[in-house]
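Beneath this line is the structure, given in structure tokens, with notes to follow.
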Amino acid sequence: MLWALPAIVIIWVSAFLLFPGFVHPMSPTMSAEEVAAFYRDETARIRYSMILFNWFGVGLIPTVILLAMQVRRMAHRTPILSYCLIACAGGPPTLFLIANMFWLLGSFRPERAPELTQLLNDLAWVTFTVLVPYLVAQCLVLALAIYWDRQDEPVFRTWVAHFNLLIAVALAPAAFGAVAFTGPFAWDGVLSYWVKNIAIAVWIVVMGVVLGQTIRRRRVETTVAA
Amino acid sequence: MINSTADTSSEPEVPPDTRLGRFLWNCRYHPKRELWFAWWVMVVFYQLYGVLFFLVTRVQPPPSPAWDTPMIVQWFDDRHHGLLAGFGIVFLISGMCAPMNALLAYSMRRMSVSRVFAYSYLIMYSLSAIPGMLVMAIAMTVGALRPDRDPELIRWLYDFAFLSFSGTMGVFLVGSVVWLVAILLDKNNVFPKWFAYLGLCNALTEVVVAPAWIFQRGAFAWNGAIAWWINMVVFVTYTAVFIVLLRRMIEREDFGTGPLPDLPDKDETVPAGSVGALR
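Read top to bottom, the protein sequences are chains E and Y. Counting in my numbering, the first sequence runs from 3 upward without gaps. Counting in my numbering, the second sequence runs from 41 upward without gaps.
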């Protein structure tokens, strides 16, 4: 399952670069006419990038389930924390797919009334920006699980827990992405856009490597034991 | 229950005497720390939920679906900052549903029934927060975002928000039924059987709310006496009862697989590391 992760990352990065509204994120201050013009001029790139995202947006779920399985091996007395991760796994992709659908709808009939295109664009950007709750919860739960994993050979090292706390903090401001049109909290701002999305990317890469090492170590152990 | 192995030996056997010391000891070493963690997250979540929906965003009790468009626009204008900031907090904290649903799933795991119940409930209720709460929050946020938006579009967002909130029924309906069937089949006495019938009442609220998709006035509208007020009373009772019952379940938990033992009398209970200390 983990081998799929690099492929997913490459597809996500290409789709990210292909979508014309991401590299220079669209501003919430754009007027309805500007938004409509954007959808008219960039129809093809919006469609293709969002179709790519629609195909592979759920790609993170196997990784979260792999994490839940590692948590299951920890020195806990109940499966509650791995249940928490399973409960979080579907949330972000589902919210992302809702946003994705609004972007695709916006580009489906770009000639519709500008107010309607703006509405679809607002729904897409708000949903995309505020999709953090499950990601925050999943980082916090994972950190807690690691702190509680008190055994001689813990499943993950303690720094992984600190790292997850840091990512949770970095993701949190994006929840307030709709309170302002300008500044760091705006949906194209430093905190709500750049910090959040870079944090997600860093989390995927780091946790992918950590998971890979853990699974390999585990495999060596079982081979030796056998 | 699964990994009862290998807590290293360095842990102190007895909690320290000060209040804070005892709290920290409980957080780190208490044998039921995972259960209490999930229980407290659930309690805090419901408190915040009440405050955010009733006081900060003031979207509950709901306004009428029969209002004309200028009144709806006025309603959004009155709440502009409350909606944007309040739902910001909702977006931040709604991940707290995960430990809560994990605890409810664990209650089924502790029963003598198949694991199908726990996993089905976990997935259904994890899914339910999206149409039942977050979509509403997103629609409200977008509604408040641009007060100068075409009023008809604001009205559409208003309908979208309240109908997704009240009108998301199946996940709660079937989810409650899964839990209550598990309780009725259970031989481990995790919950008293009467609670299953309260669960049935909660499931029925999701049935009687269906006409909210049809009526704009009267008892069945989304703000009506049946579709909102009675349902809210049942839901609050149900929630309060299961919070108390889950607390008792955790107190009784022995990490075995047989019937949950009953609590000893109040006077004999050992306070070490129970809720009092966690506070």
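Here a beta-carbon is modelled for each residue, glycine too, at the ideal position from N, C-alpha and C.
Rounded to whole angstroms, the separation of the alpha carbons of Y198 (chain Y) and G93 (chain E) is 24 Å. In terms of Cβ geometry, W253 (chain Y) and G239 (chain Y) do not form a close pair [threshold 8 Å]. The Cβ atoms of L83 (chain E) and L213 (chain E) lie no closer than 8 Å to each other. DSSP, reduced to helix, strand and coil, places P171 (chain Y) within a helical segment of the structure shown. Per the coordinates, the alpha-carbon of T58 (chain Y) lies some 53 Å from the alpha-carbon of S104 (chain Y). F183 (chain E) sits close to T31 (chain E), with the two beta carbons spaced by under 8 Å. The C-alpha of C137 (chain Y) is placed about 10 Å away from the C-alpha of Y86 (chain Y).
Just so you know, the alpha carbons of L225 (chain Y) and Y85 (chain E) end up roughly 22 Å apart. The CB of F131 (chain Y) comes closer than 7 Å to the CB of V132, V134, P135, A177 in chain E, given here in chain order.
L303 (chain Y) sits in coil when the DSSP states are folded into three classes, being neither helix nor strand. Proximity of the region 151-159 of chain Y to the region 144-158 of chain E falls short of the contact definition, fewer than three beta-carbon pairs being nearer than 8 Å.
In this structure, the alpha-carbon of V211 (chain Y) lies about 9 Å from that of Y161 (chain Y). In the structure shown, W189 (chain E) falls within a coil segment according to DSSP collapsed to helix, strand and coil.
Contact annotation, V37 (chain E) with Q120 (chain E): C-beta distance approximately 5 Å; criterion of less than 8 Å satisfied. For A115 (chain E), there is no enclosing alpha helix (DSSP H), since its DSSP letter is neither H nor E. A check of alpha carbon separations from I133 (chain Y) across E:L137, E:A9, E:T65, E:L168 identifies E:L137 as the nearest. In the DSSP assignment, W14 (chain E) falls within the unbroken alpha helix (DSSP H) covering 6-20. Remark: three or more beta-carbon pairs, one from each stretch, lie closer than 8 Å, so the region 198-207 of chain E and the region 161-181 of chain E are flagged as touching. When rounded, the separation of the alpha-carbon atoms in P251 (chain Y) and R221 (chain E) is 56 Å. With a contact defined as Cβ atoms closer than 8 Å, N228 (chain Y) and R150 (chain Y) qualify at about 6 Å.
Between P102 (chain Y) and F260 (chain Y), the beta carbon gap of about 13 Å keeps them out of contact (Cβ cut-off 8 Å). At a cut-off of 8 Å between beta-carbon atoms, M136 (chain Y) makes contact with chain E. About 17 Å separates the beta carbon of T181 (chain Y) from that of L88 (chain Y), a gap too long to meet the 8 Å contact definition. A buried status is given to A169 (chain Y), since no fewer than 16 other beta-carbon atoms sit within 10 Å of its beta-carbon.
At least one CB of chain Y lies nearer than 8 Å to the CB of A139 (chain E).
Listed in chain order, the non-local C-beta contacts of E117 (chain E) below 6 Å within the same chain comprise A34, local neighbours out to five positions each way being set aside. Contact between A267 (chain Y) and V249 (chain Y) is confirmed by a C-beta separation of about 5 Å, below the 8 Å threshold. By the CB criterion at 8 Å, T277 (chain Y) and P191 (chain Y) fall outside the cutoff. If you look at Q215 (chain E), you'll find it in the alpha helix (DSSP H) that goes 198-227. Taking the C-beta atoms as reference points, S194 (chain E) is found nearer than 8 Å to A188 (chain E). Bounds of the alpha helix (DSSP H) holding Q114 (chain Y) are 109-118. Taken in chain order, the members of the region 96-118 of chain E whose beta-carbon sits within less than 7 Å of a beta-carbon on chain Y are T96, L97, E117. Straight-line spacing of the CA atoms in I163 (chain Y) and V284 (chain Y) works out to 23 Å. Closer than 9 Å at the C-beta level to chain E, one finds no residue of the region 239-252 of chain Y. The beta carbon of G59 (chain E) does not come within 8 Å of any beta carbon belonging to chain Y, so the residue lies off that interface.
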